[in-house]
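If you're matching positions, the sequence shown starts at 1 in the UniProt record's numbering and goes up one per residue.
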Amino acid sequence: MKVEILDAKTKGKLCFLDKWYPTRQSIRLDAKGKSLKDEDVLQHLPVGTTATLYFRDLGAQISWVTVFLTEYAGPLLLYLMFYFRVPFIYAPKYDFTTSKHWVVHLACMCHSFHYMKRLLETLFVHRFSHGTMPLRNIFKNCTYYWGFAAWMAYYINHPLYTPPIYGEQQIRLALVMFLFCQIGNFSIHIALRNLRPPGSKTRKIPYPTKNPFTWIFLLVSCPNYTYELGSWLGFTLMTQCLPVAFFTVVGFFQMTVWAKGKHRSYLKEFRDYPPLRSPILPFVL
């Protein structure tokens, strides 16, 4: 078989690809098509005796582990800076003082727990099907996570912050909701991890396990996002803070996009995929 590789942008011939490391390379059958997978075999592709492949430089890459660690360490540290009221954030008389409202301390513990959980999951739980992402995306992602964390922390830890209108009942209900969803989210991540053997890119249909928190798989394709949404709804209820509510809404829209994409991928890849499942919200969305 004769194989010709062209640059996807200029359609000019490429003789050598060794100056780009493998994760930076995208090989396609069509200049505007999807990238071929690493496990694709040339003889099994829809080509004749002559094959024309198109190459695209994906740009500098960075590992997903590094991306997640950077995204999640920033919010953790930034929030604590506002919580401890380091100088130059609020008025000088408030430097290194603590809030008089116990919900502020509870919110800090919950926020810190959430991001410490994410960091530990990145190191010890997640198995990534794609090893890298474009380096340029990390700046966009960090702006999103770090910016929202600073915005939320500024108002929650502000000296003039006022507790939720319904007091302890609202806070306790929100705490139960937050912790329930955090446990659920962790349970889903463990279930997804167990579907993929170490070092492989195997994809299987996720099903409920003996863990009750995974039973939501009966109705939802991406329950990790469902639980994530529930966690932030609980945090919003706990703090009754507008920036938190806005972050929850924006996050919900983004997770819905991801969930719909993964749901479509499941339907396309598995003919026996359970038909009752919705992407993120049972029977709704």
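Just so you know, even glycine gets a beta-carbon here, dropped at the ideal spot from N, CA and C.
With respect to MET152, GLY234 sits apart: the two C-beta atoms are not nearer than 7 angstroms. In the DSSP assignment, THR132 falls within the unbroken beta strand (DSSP E) covering 132-134. With 16 or more other Cβ atoms inside 10 Å of its own Cβ, HIS111 counts as buried. DSSP places VAL220 in the strand class (E or B) of the three-state scheme.
In the DSSP assignment, SER63 forms a beta bridge with THR132.
Residues of the same chain with a CB within less than 6 angstroms of the CB of LYS260, apart from the 5 flanking positions on each side, are PRO279 in chain order. In this structure, CYS181 places its C-beta atom within 7 angstroms of the C-beta atom of SER231.
Look at SER278 here: in three-state DSSP terms it is strand. Taking all protein chains in view, the Cβ of TRP102 is surrounded by fewer than 16 other Cβ atoms within 10 Å, so the residue is classified as exposed. DSSP places ALA91 in the coil class of the three-state scheme, outside both helix and strand. Here PHE217 has PRO206, TYR207, PRO208, PRO223 as same chain residues with Cβ atoms under 7 angstroms from its own Cβ, once five neighbours each way along the sequence are excluded.
SER187 is positioned such that its CB atom lies closer than 7 angstroms to that of THR214. In this structure, ALA60 lies near LEU135, with their beta-carbon atoms less than 7 angstroms apart. In this structure, DSSP gives TYR273 a state outside helix and strand, which the three-state scheme calls coil.
When VAL67, VAL284, HIS263, MET238 are compared, the shortest CA-CA separation from LYS140 is found for VAL67. Between PRO164 and the set PHE270, GLU71, LEU237, the nearest pair of CA atoms involves LEU237. In this structure TYR154 does not touch CYS108 by the C-beta definition: roughly 13 angstroms separates them, more than the 8 angstroms allowed.
Rounded to the nearest whole angstrom, the CA to CA distance from LEU285 to ASP95 is 46 angstroms.
Ranked by Cα distance from MET255, the options PRO92, LEU281, LYS268 are led by LEU281. The residue from MET116, ARG271, PHE84 with its alpha-carbon nearest to that of THR70 is MET116. Less than 7 angstroms divides the Cβ of CYS142 from the Cβ of GLY74. Closest in C-alpha terms to LEU219, from the list PRO243, SER200, HIS263, TYR166, comes HIS263.
Between LEU175 and MET133, the alpha-carbon positions lie close to 35 angstroms from each other.
Between ILE156 and THR239 the beta-carbon gap is near 5 angstroms, inside 8 angstroms, which marks them as a contact. One alpha carbon belongs to PRO243, the other to ILE62, and they sit about 30 angstroms apart.
Between the C-alpha atoms of VAL257 and LEU179 there is a straight-line separation of about 25 angstroms. Annotation note: the stretch 191-253 contains the following uninterrupted alpha helix (DSSP H) runs of length 4 or greater, listed N- to C-terminal: 223-239.
Boundaries of the alpha helix (DSSP H) around SER112: 102-124. Using a Cβ distance threshold of 7 angstroms, ARG127 and ARG196 count as a contacting pair.
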